[in-house]
Amino acid sequence: MTRIGIIGSQGRMGQAIAQAVEAAGCTLAGGVGRGDDVRELAASSDVLVDFSSPAALEANLVAARQAGIPILIGTTGFEDSHHAQIDAAAQDIAVLQTGNTSLGVTLLAHLVREAATRLGDDWDIEIVEMHHRNKVDAPSGTALLLGEAAAQGRGISLAEHTDSGRDGHTGKRKDGDIGFAALRGGTVAGDHSVILAGEQERITLSHMAENRMIFAHGAVKGACWLLDKRAGRYRMGEVLGL
Ligand SMILES: NC(=O)C1=CN([C@@H]2O[C@H](COP(=O)(O)OP(=O)(O)OC[C@H]3O[C@@H](n4cnc5c(N)ncnc54)[C@H](OP(=O)(O)O)[C@@H]3O)[C@@H](O)[C@H]2O)C=CC1
Ligand SMILES: O=C(O)C1=N[C@H](C(=O)O)C[C@H](O)C1
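Throughout the sequence shown, residue numbering follows numbering that gives the first Met the number 0, covering 0 to 241 in sequence.
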């Protein structure tokens, strides 16, 4: 039976993933939190699943590399330097990093890419997300991955066309930018809408997570999918055949 080790095991997602591991008929190798030794967990796991904090990334990648096992990273809030660390680790082990492990969002990203490819640059793209009051990063990892999908569809760089957190006298909207707005409150598991706004018409593509078990089941599926993969960086779309 596949042994899955959870990083961030006492968190909201860590606890959901433990349930999903059981439901999938896998074995829970154990879990670690802040201050625990992730190398010990890696030594007794076939694959690691990380839903913790960007601060934990370096130690997690070192542990997975030393043990020679794959890692699925669902943590969000990464900066460019974190992505460089993930790329480096993917030279030696299989790594899947995604801001959202659900089937619905993975499909939504395809739809957004397609819409952005087909609609002209005169359609403005805005991404709105809402999450529970305890979420610490914004925009959400999902909003960013949907923004990436839109940017890819348009053939532009998201980094050069992001407009996030408008406030005050901002001036008019810059042509071609992809806008982000983040709402926080209550217990919302994760709502995302991509609005394509044209002349006299508007398309909204949305996903509403009703329960974080959808992320947990996707994470376990992704972790098991990674088991026989060569070193490299993989996407959730590959797991789900999208
Ligand atoms: N990709 C996806 O589909 C999804 C991604 N996420 C992301 O997953 C992450 C976790 O979310 P959530 O479970 O809600 O958050 P929580 O805050 O509930 O859980 C995070 C857990 O990680 C632990 N942790 C913090 N720092 C470290 C560390 N250095 N090493 C090991 N463990 C550590 C925390 O411990 P302590 O409490 O002591 O700090 C806590 O138990 C977030 O980045 C979130 O955005 C969430 C849902 C879906
Ligand atoms: O922190 C959360 O809760 C979530 N985080 C992920 C994100 O940043 O997009 C995925 C999901 O939306 C829930």
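We put the beta carbon where it would ideally sit given N, CA and C, even for glycine. All figures in this text were calculated on a predicted structure; none of them were measured in a lab.
By the neighbour-count definition (other C-beta atoms within 10 Å, threshold 16), Asp121 is an exposed residue. Contact check for Asp136 against Thr97 fails: the beta carbons are separated by 8 Å or more. Shortest gap from the CB of Gly189 to any heavy atom of ligand 2: under 7 Å. The nearest non-hydrogen atom of ligand 1 is 7 Å or more from the C-beta of Gly103. Between Thr1 and Cys223, the C-beta gap is smaller than 8 Å, which places the two residues in contact. Shortest gap from the CB of Ser139 to any heavy atom of ligand 2: under 7 Å.
With contacts defined as CB atoms closer than 8 Å, Tyr233 and Ala93 qualify as a contacting pair. Between Val219 and Ile68 a beta carbon distance of about 15 Å is seen, past the 8 Å cut, so the two are scored as non-contacting. Sequence-distant Cβ neighbours of Met212 in its own chain, meaning closer than 6 Å and more than five residues away, are Ala15. By the 16-neighbour rule on beta-carbons within 10 angstroms, Arg153 is buried. Under DSSP, the beta-bridge partners assigned to Glu128 are Ala181, His191. Shown here for Ser44: same chain residues with a beta carbon closer than 8 Å to its own, the five before and five after excluded, namely Arg2, Ile3, Gly4, Ala28, Gly29, Ala66, Ile68 in chain order. Between ligand 1 and Ile85, a heavy atom-to-CB distance of less than 7 Å is absent. A straight line joining the alpha-carbon of Leu71 with that of Arg165 spans about 33 Å. A residue is called buried when at least 16 other Cβ atoms come within 10 angstroms of its Cβ; Met235 meets this threshold and is buried.
Here the alpha carbon of Ala142 sits roughly 32 Å from the alpha carbon of Asp36.
In this chain, Thr141 is not harboured by any beta strand (DSSP E); it is covered by the alpha helix (DSSP H) spanning 140 to 153.
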